[in-house]
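As they're listed, the protein sequences go chains A and B. Each residue of the first sequence is one higher than the one before, counting from 0 in numbering that gives the first Met the number 0. Each residue of the second sequence is one higher than the one before, counting from 0 in numbering that gives the first Met the number 0. Built from N, CA and C at the ideal position, the CB exists for glycine as well.
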Amino acid sequence: MSASDARPLEVPRHLGGARVVRPPRGLTALELDPLASISARGFLVVVAVVAIICAVCLTIVTVPQIASWPLAIAALVALVAGFALFVRSAYRFDLGVTSDRFATAYALIAVATVLNSLSCFGTNLVVRDDWGLITIGLALMAAAPFRTSAELGTYTTIAAVLAGVLATLHDFTSFSASPIPLPIVVLVAVAPPLALGLGSMAYARRLLHGIYAERLEQAESRERDFEALRSAYIDHDVLGSIGSLREEIVPFLARVRQAGALTVDDRVRAAELAHTLQHAVARGQQSDSLGDHADVLIDESGLSPRLHEDDRATVRALVSALATSPHIVPGSIILELIEGDDDRFGMVRSAGDDVRALRSDVLPFIRMTRLMFRTATEQVHGDELLIQFDINRLA
Amino acid sequence: MTLLKGAWVTLQIAADVEGVATSHALARAGTWLACVFLAATFLIDFLFIPVTGQTDIVLALAGLVVVGVAVVLALRARTFVRAVLFTLVACAALSGYTVIVTAVTMRGPGPFPSSDYVLLSMPEFAVLVVGISARSLGKGLALGTLALVAGPGLVQLAAFSQGMSLAVDVPVVASYIALALLMSALWFGRREAARGTAMMAEVALAEERDVALGRFDARAATWLNDTVLVDLRALASTDPGPLGAELLQSIDRDLANFADVRLVLDEPGVNDSTTRKLASVPSLLGVVRDAEGKGLHIRVTGDVEAVNDLNAAVTRNLERALVECLDNVSQHSGVRDAEIAVMSSPPELSVMVSDAGVGFDVNATGDDTVGLRMTVVETIVEVGGSVQIWSRPGAGTAIFVTVPAAAS
């Protein structure tokens, strides 16, 4: 089911009462909460290990049922290949578990299911020993954070149909003498992939809605913060950093307005105030929050103020993390932003007394950088840590 | 269409550090998992009623229903104690079910199955999931272990009491181990994700605060530069003596603005933040972020929240049409800026996508323009809307899309 077709979800009253939460169509939980990929990847690895161990153990336990060893081995190979591709996609930031890559991994796991089933063609004793029915469901469960519930619905249907067809085939070839009716054999075969598949759909859908509702609440909180900041700027700061000049300019203008005429001294004072104000305005325009955090900011094309605010925050978090590491060499953080004709990228260079320890300190932030920018790399050269990222969007 | 790759990656990253959404999602997954296994068992048992002629299977079916309800309640329990109580209820009901089902089985013709047969295994799987929604690893493992001991454990005893031969249900034990591993993986992963999140959230807020202050300062600086500075310079270059009416008016305006800075900050553009404005309009946000990913700079104006009131099919097609329009801007306009203006006039909603690019001859039959017209028009007409395209070579393009606003 696509998010657009989804039934509205009531959010708690503290989020603004009965509001419809409808995440954008085609969105996955991980696109909404990139840090969740850390737990999703761990979950995937465990699922892959469990699935492969399950397959190997059941193959060993059911040796008397195996009619074709080449098929049995090919099934295991396909299973390992499928999960390997899945895990690789999940761990490679530049790849990601896209729809196509998951489809390929799933296809391999489905092939493994079929081969496993065919390997005991005519000699199968009980359908519940067929590990393919479990592993195909486990693959769906592991995919829940990576793909949409709509996609998982399609794959669940495929898995259930596959299980049903294979069970029917075995019923005619292997269990023909068994008193168990066909519908029961099919039910036993279909239940595991269907249960795991529907579970994965529910997981993906509920997780997405939960995170999305949380995001809306955060957006409202930001809105409130913004309004508070604006009020403070108006009521207390009065024009922020430039506001201090107000105390000099307002009395002067008020006096001149009241007099309705200008003296020679007023002319001189007006020139002085104009000069001071011009410098204050120019200073205000030069300030840059990113530059305040790096020791050196090289930004010849003036890219920094044009960066998307989320990207600025990411870079700022990375630079701040570097600055607070006990292994950083003071004054060594250089942030360079470069804009070419066709591309834009940034580099953060820093030196550490123990550069490996420095890298370890900031590893969560490097991961965050990889998640936020489509391409980001990190290298250690001597005592220097270099993090480079492509900038794909602007504010 | 891969519309939203990375679209929602924002630095408000503490989305589920506490694991609330994950816990609820796991509870929902567990519910479905348990219900499917129990429903399959229910159906199989039900099919056996006419085959065996044993009507006491109906009692077993009632037991399965109690198992299902108790498992769901345990998964949704707000306290650990309640979760334990519901788990025990589920296990007790499972034992009762086992006694009846094994008794019926043992009354039938041989050979008799052992205690790991499928009619007992599937409800056992259902009971095992009770711990997966717990917010702490310890509680989750404790609930899972309780379910293993009191569920499959008592099932074995009940089956044995009916004279059935005992057999360790390997898939059930393996599932328990797998569930424990999966819960551990999720828990440790979440702990890893939480590391550094506080700092990132703090930095993100600080950055946003700085950006907002920067915007205010920029506006204030522009205002000062364009008005007060000009007036001060004018005063500095004016001959001593009475001031002209125009200069006096300018000074009045400056003093009024100094008295209420709100007027300065309320100028258009100061409070605009696409992210903030669109946060509650996911379909438009997706479109905008997708376009930003292609290097466009999108300005969104008008009654954007009205888009949320469209029905799902209209929203989906509108989204598709807007993506097509912005793709066209990206590929053919020669400019990087575009505007999306939303106008709500019930029972219709209009959205205009415009750019100041090279434009094109609307009557031309080039592949690009025909493609744009066909895709957008077909998509919008499909939901009962209409499309108008205004463009001239060198004079930009405006595409005016009108869709029905009434929910159907």
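By the criterion of at least three beta-carbon pairs nearer than 8 Å, the region 142 to 149 of chain A is in contact with the region 32 to 44 of chain A.
Contact between residue 207 (chain A) and residue 139 (chain A) does not hold, since their C-beta atoms are separated by about 16 Å, which reaches or exceeds 8 Å. For residue 41 (chain B), the closest of B:403, B:106, B:330 and B:96 by C-alpha to C-alpha distance is B:96.
If the five residues before and after residue 150 (chain A) are omitted, its C-beta is found closer than 7 Å to the C-beta atoms of 98, all from its own chain and listed in chain order. Residue 136 (chain A) counts as buried, since no fewer than 16 other beta carbons sit within 10 angstroms of its beta carbon. Within the region 90 to 115 of chain B, no residue places its CB atom closer than 8 Å to a CB of chain A.
391, 392 and 393: these are the residues of the region 379 to 393 of chain A whose beta carbon lies less than 8 Å from some beta carbon of chain B, given in chain order. In the three-state reduction of the DSSP assignment, residue 45 (chain A) falls in the helix class. Rounded to whole angstroms, the Cβ separation of residue 354 (chain A) and residue 314 (chain A) is 20 Å, and the two are not in contact under 8 Å. Taking the Cα positions, residue 29 (chain B) is about 9 Å away from residue 130 (chain B). Within the same chain, 159, 162 and 163 come within 6 Å of residue 189 (chain A) by CB-CB distance, once the 5 residues on both sides are set aside. Ranking A:263, A:165 and A:38 by CA distance to the CA of residue 89 (chain A) puts A:38 first. Taking a Cβ-Cβ cut-off of 9 Å, residue 321 (chain B) has no neighbours in chain A, whose nearest Cβ is about 13 Å from it. Judged by beta-carbon spacing, residue 181 (chain A) lies beyond the 8 Å limit of residue 35 (chain B), meaning their Cβ atoms are not closer than that value. Taking C-alpha positions only, residue 139 (chain B) is separated from residue 102 (chain B) by approximately 33 Å.
Proximity of the region 71 to 79 of chain B to the region 153 to 166 of chain B falls short of the contact definition, fewer than three beta-carbon pairs being nearer than 8 Å. Here DSSP, grouped into helix, strand and coil, assigns residue 383 (chain A) to strand.
At the C-beta level, residue 389 (chain A) and residue 368 (chain A) stay beyond 8 Å of one another. A straight-line Cα-Cα distance of about 7 Å links residue 364 (chain A) and residue 316 (chain A).
Beta-bridge partners assigned by DSSP to residue 378 (chain A): A:385.
Where residue 344 (chain A) is concerned, the enclosing beta strand (DSSP E) starts and stops at 343 to 350. For residue 191 (chain A), the three-state secondary structure derived from DSSP is helix. Residue 69 (chain B) and residue 86 (chain A) have their alpha carbons spaced roughly 36 Å apart.
Nearest in C-alpha terms to residue 245 (chain B), of all of A:205, A:260 and A:96, is A:260.
For residue 76 (chain A), not one C-beta of chain B is nearer than 8 Å to its own C-beta. For residue 93 (chain B), no pairing in a beta bridge is given by DSSP.
Contact between residue 55 (chain A) and residue 75 (chain A) holds, since their C-beta atoms are separated by about 7 Å, short of 8 Å. Against chain B, the CB of residue 42 (chain A) has a partner CB under 8 Å away; the residue lies at that interface. For residue 239 (chain B), at least one C-beta of chain A is nearer than 8 Å to its own C-beta.
Listed as beta-bridge partners of residue 304 (chain A) by DSSP are no residues whatsoever. Here residue 130 (chain A) carries a coil assignment [DSSP, helix/strand/coil]. Residues of chain B with a Cβ closer than 8 Å to the Cβ of residue 262 (chain A) are, in chain order, 239. Every unbroken stretch of the alpha helix (DSSP H) spanning 4 or more residues and falling wholly within the region 152 to 220 of chain B is given here in chain order: 153 to 160 and 169 to 193. Taking the C-beta atoms as reference points, residue 234 (chain B) is found nearer than 8 Å to residue 255 (chain A). Against chain A, the CB of residue 331 (chain B) has no partner CB under 8 Å away; the residue lies outside that interface.
Pairing residue 383 (chain B) with residue 317 (chain B), the inter-Cα distance amounts to about 11 Å.
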